[in-house]
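Which chain is which? The protein sequence lines are G and Y, in order.
Going from the first sequence to our numbering is simple: count from 1 and add 121.
Going from the second sequence to our numbering is simple: count from 1 and add 121.
C-beta atoms are modelled at their ideal positions from N, C-alpha and C, and glycine is treated no differently.
2 protein chains.
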Amino acid sequence: MILVNENFGKLQASYLFSEIAKRVRAYQEANPQAAVIRLGIGDVTLPLAPACLEAMHRAVDELGHEATFRGYGPEQGYDFLREAIAKNDYQARGCDIQASEIFVSDGSKCDCANIQELFANEGMRIGIPDPVYPVYVDTNVMAGRTGAAVEGRYQGLVYLEGSAANGFVPAPPAGEPLDLIYLCFPNNPTGAVATREQLQAWVDYARANKALILFDAAYEAFIRDPAIPHSIYEIPGARDCAIEFRSFSKKAGFTGVRCAFTVVPQGLVAYAKDGTAVPLHQMWNRRHTTKFNGVSYPVQRAAEAVYSQDGVCETTQQVDYYLGNAKLIRAGIQALGLDCVGGDNSPYVWVNVKGDSWAFFDRLLHEAQVVTTPGAGFGKCGEGYIRISAFNDRAKVEEAMARIAKAIR
Amino acid sequence: MILVNENFGKLQASYLFSEIAKRVRAYQEANPQAAVIRLGIGDVTLPLAPACLEAMHRAVDELGHEATFRGYGPEQGYDFLREAIAKNDYQARGCDIQASEIFVSDGSKCDCANIQELFANEGMRIGIPDPVYPVYVDTNVMAGRTGAAVEGRYQGLVYLEGSAANGFVPAPPAGEPLDLIYLCFPNNPTGAVATREQLQAWVDYARANKALILFDAAYEAFIRDPAIPHSIYEIPGARDCAIEFRSFSKKAGFTGVRCAFTVVPQGLVAYAKDGTAVPLHQMWNRRHTTKFNGVSYPVQRAAEAVYSQDGVCETTQQVDYYLGNAKLIRAGIQALGLDCVGGDNSPYVWVNVKGDSWAFFDRLLHEAQVVTTPGAGFGKCGEGYIRISAFNDRAKVEEAMARIAKAIR
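1. Would you mind telling me which residues of chain Y sit closer than 8 Å to C231 (chain G), beta carbon to beta carbon, in chain order?
2. Assuming M522 (chain Y) and G453 (chain Y) are in contact, meaning their beta carbons sit under 8 Å apart, how far apart are those beta carbons, in whole angstroms?
3. What number of angstroms, rounded off, separates the C-alpha of V518 (chain Y) from the C-alpha of S510 (chain Y)?
4. Spell out whether any CB of chain Y is found under 8 Å from the CB atom of M522 (chain G).
5. Answer with yes or no whether the minimum CB distance from S429 (chain G) to chain Y is below 8 Å.
6. Output needed in chain order: residues of the region 178-205 of chain G with a Cβ under 8 Å from some Cβ in chain Y.
7. Look at the alpha carbon of F512 (chain Y) and the alpha carbon of L333 (chain G), and state the distance between them as a whole number of angstroms.
8. For N414 (chain Y), collect the residues of the same chain with a Cβ closer than 7 Å to its Cβ; drop the 5 residues on either side in sequence, then sort them by chain order.
9. By Cβ distance, which residues of its chain are closer than 7 Å to G312 (chain Y), with the 5 residues on each side in sequence left out?
10. Anything in chain G within Cβ reach of I123 (chain Y), meaning under 8 Å, just list it in chain order.
11. List the residues of chain G that Y418 (chain Y) touches, going by C-beta distances under 9 Å, in chain order.
12. So S229 (chain G) is in the beta strand (DSSP E); what residue range does that whole segment cover?
13. For the 8 Å Cβ check, are there 3 or more pairs between the region 245-258 of chain Y and the region 427-447 of chain G?
14. Answer yes or no: does any C-beta atom of chain Y fall closer than 8 Å to that of G228 (chain G)?
15. Whose C-alpha, out of Y:L320, Y:C502 and Y:A264, is nearest the C-alpha of T411 (chain G)?
16. Which residues of the region 256-278 of chain Y have a Cβ closer than 9 Å to any Cβ of chain G? Give them in chain order.
17. If we call anything under 8 Å between Cβ atoms a contact, is S229 (chain Y) one with A373 (chain Y)?
18. Looking at the C-beta of P168 (chain Y), does it have a partner C-beta in chain G at a distance below 8 Å?
19. Report yes or no: do the region 239-248 of chain G and the region 290-310 of chain G share at least 3 C-beta pairs separated by less than 8 Å?
20. Just by C-beta distance, which residues in the region 423-448 of chain G are closer than 7 Å to chain Y?
21. Out of Y:F343, Y:P294, Y:V474 and Y:A142, state which residue places its alpha-carbon closest to the alpha-carbon of A497 (chain Y).
22. What is the DSSP secondary structure of F499 (chain G), reduced to helix, strand or coil?
23. Which stretch, first to last residue, makes up the alpha helix (DSSP H) that contains P118 (chain Y)?
24. Starting from the beta carbon of A172 (chain G), find every residue of chain Y whose beta carbon is closer than 9 Å, and list them in chain order.
25. Taking 8 Å as the threshold (beta carbon to beta carbon), is L304 (chain Y) in contact with chain G?
26. Can you give the Cα-Cα distance for V492 (chain G) and R144 (chain G), rounded to whole angstroms?
27. Closest to N209 (chain Y) by C-alpha separation, out of Y:L167, Y:L449, Y:A342 and Y:Q276, would be which residue?
28. Would you please state the rounded distance, in angstroms, between the beta carbons of K394 (chain G) and L132 (chain Y)? I believe it to be under 8 Å.
29. Since N235 (chain Y) meets chain G, which of its residues come closer than 8 Å, beta carbon to beta carbon?
30. Am I right that A391 (chain G) and V384 (chain G) are in contact with their C-beta atoms under 8 Å? What's the rounded C-beta distance?
31. Check this for me: beta carbons of A456 (chain G) and A489 (chain G), under 8 Å apart or not?
32. Considering only residues of the same chain and omitting the five flanking positions on each side of G476 (chain G), which have a CB-CB separation below 8 Å?
33. Does the distance from the CB of N126 (chain G) to the CB of E238 (chain Y) come in under 8 Å?
34. Determine the burial state of C434 (chain Y): buried for a count of at least 16 other Cβ atoms within 10 Å of its Cβ, exposed for fewer.
35. Identify the contact partners of V399 (chain Y) in chain G, using a Cβ-Cβ distance below 9 Å as the criterion.
36. At a CB distance below 9 Å, what residues from the region 464-475 of chain G approach chain Y? Give them in sequence order.
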């Protein structure tokens, strides 16, 4: 008899964004005339940068000629892209990261989800922020690293609580040490950023406890404060204790194009139960080459073009545009007398709605025809908040904030 | 302390194609003047079909305009592609498969590798053909479903042996029933195809034993014999016991473009330990939406174009071209007095080399400058064979066969 992985049965409700999509669909079917504005899921809206479009067209043309056709590429990504990433995203910021340490993939969601396959299913304390991007939690549930959900939390996980009190940047906990730690800065959903000192505390903690940090930096392109690190590898000691995830989705509008990467430093280790050190770079390489076949060639050329002179200029303008939206959202929310964080170095504004977050979501959908994301979908500590995304057209953001002001006042 | 998944330590040697690449690289470095011909890894060489190129260019243009820009698509794939697949690959052949049962992905390697996450890690008898595409075995090893490797075989797996005697189409075994069964036809590596009766026997067996068949049909486009089924769903009862994997890689030269799909019928179930039936469609949907973010939009448009009138014509010509190569390879091998199977309804010819397969691989590399794939890399039953791939330029295939003839005679 074919047996299922019963851990899937522990998963709570449906995936957050599917649930939102369902409610929006239902509202639109009931109100076909309503002009709904989407500030929910963090999806870009600006057209792809001309430098990326040109690079994709050129690559597609190459596939049309025998002399320049390319079949399977290296699973880890083409050298031209790995080198551009290492040079521009790391070496230019003083991080000692080499091209061979970059693994190109089709998305940070996949990478964050897949990385847990490298680790033991038992005997580890896993620290996951709350509120948090649901993929970190759900993939550990599917792998059987948790018990059942009790009052919205899975038994066996350690929740690193974010709150207004700590600025949504949890510090390393006292007590029994963590072994695997998920961090995400600029944070999704709160938009909070971590200072150099806060990240140094986590790196020191991880090294002292032989723990591993999984650092999700998908939103690093939105950092404008020069004092805030863009990469965990800007922190001394991080090469010994951290894996980093990056994406072109938000940096260059690639949510429909699909390209991301993961950095696994040479020399980074985890341990067998008997204490033997096992290099993670080689393990991830084995996982990547066995279960993945590389990113579409024209997509890799488009990603390379992000680092060209035109590409840098065009994609920076896109990010600036969304940051301009975020500023408007912050101002609009603050004018309503509501507290918020984020939106400075992040496309997300995290709003204290002083009440039930799904109810507030429904209220904004029904009364202002604006889609947001209810904080409760990101964890227990997200209750009482909503996330507003700056990814949209300027005029629509202005319209949305006007409608929200009218509905809420 | 961060603990590794120690199951990775059970994996034997490196991934087959990485090992081949290493040996070829070493030979080329030592013999920089040698014109090596690659008939090893099954990678296409013909330029992408014009219909697909045009569709990709159009889609890239769409991404350049605000009105036609697309961000995140549905994780399961766009309806335009799912519907084209359901209609052309299934309904046109009389298979009752709906668009909603198609999950578009970036590769069959990923799908075959990821599907095992849906099943229990313990308490199942897993039947895997030998010889076989290494991914089925390796991903079950990584998940901890096997014991250690002993003399080239993992303890805990049931090997379904292929041989000249059964035409490399193993029949359902007697004795304790299997619970999870991997089948691949047209077969990689042997090129063997299964008849309707042989597939019916497997479907009947699976239904009688509440077992599940994972049917890899990545090479179905090469079937020219009208009596041979292209899909497991051509067999009555298969909807109740089978998941099917398909790919555009070999059908339309997409190895560098990346698109594939998996069919999980509604109503197909697996079981909890207590016997409760659990629908697999919903589980795979949850897995797919949690760990994957959809295929690149221009790639999905290119895949859709495979089903256009021009696309069908152009991609059929490509497959015919490779089948022409396969015919030459078969004839050349038979002229040397060696036995072989495959090559009629498949791009692979499986040659009995009457000796050690890595030694024969090295001999062809060193004496004929031709890269093949040693059968031993596909399992114990592959020892004594090599796989020759028909994916190359006609002139190169002719040259390779001439060199092989000279080296072997």
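If we stick to the structure as given:
1. K412, F413 and N414
2. 4 Å
3. 9 Å
4. no
5. no
6. H178, V181, D182, L184, G185, H186, E187, F190, R191, G192, Y193 and G194
7. 44 Å
8. Y193 and E196
9. V462, G463, G464, S467, Y469, V470 and W471
10. F240, M245, D300, L301, K331, A332, L333, A391 and Y392
11. G377, V378 and R379
12. Unbroken run through S229 (chain G) is the alpha helix (DSSP H), S229 to N235; no beta strand (DSSP E).
13. no
14. yes
15. Y:A264
16. V256, D259, T260, M263, A264 and G265
17. no
18. yes
19. yes
20. none
21. Y:V474
22. helix
23. Outside the modelled stretch of chain Y, which goes from 122 to 530, sits residue 118 (chain Y), for which no answer is possible.
24. Residues of chain Y passing the Cβ test: none, with the nearest at roughly 11 Å.
25. no
26. 10 Å
27. Y:A342
28. Not really, about 18 Å apart at Cβ, beyond 8 Å.
29. K412
30. Actually they are not in contact, since the Cβ atoms of A391 (chain G) and V384 (chain G) sit about 16 Å apart, beyond 8 Å.
31. no
32. G505
33. yes
34. exposed
35. V125, E127, F129 and G130
36. none
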